[in-house]
Amino acid sequence: MSSSAKVIAGLIIFLCLITFPVWYNVVGGKASYTPELKIISEEKSCVESKEFMRIEHMQLLDDWRNSVVRKNNRTYIAHNGKEHNMSLTDTCLKCHSNKTEFCDQCHNYLEVTPTCWNCHIVPEENKL
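Position in the sequence shown (first residue = 1) + 29 = my numbering.
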């Protein structure tokens, strides 16, 4: 076997091993695990849509922090025109006070460590 054939064979094996998880999920036809988040809320809607919050909530919270701390602006106007107080404690944690069943589920799944609790007090758990 020539050296170029060995290199090509090695590349093919490497690509197969690297892409195995993707192919395994495609062939298996199963959706990957996603955590089930439990919401304790009397509100019918969040400050933004579910899809927006799922993707952009950390950026939204960073923007809120910067707006409140640096510009003293405490009012957020959502895409639907509704006004909200920019506050993790008074706005977000009203509905999401079950940190272990809501926040931690997703953060643990994604292996991220938010810095919210460096400044904010961990909420007292509410159960239905």
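Think of the CB as a built atom: it goes at the ideal place given N, C-alpha and C, for glycine as much as any other residue.
The residues H149, in chain order, have a CB closer than 7 Å to that of T118 in the same chain once the five nearest residues on each side in sequence are set aside. With a cutoff of 8 Å on beta-carbon distance, A34 and E77 are scored as not near each other. Pairing L90 with F131 gives a Cβ-Cβ distance that is not under 8 Å. When beta bridges are read from the DSSP output, H113 appears opposite Y105. In the structure shown, F81 falls within a helical segment according to DSSP collapsed to helix, strand and coil. The beta carbon of T104 is closer than 8 Å to those of E112, H113, N114, M115 in its chain, skipping five residues each way along the sequence.
Distance between Q134 and I37, taken at the CA atoms: about 43 Å.
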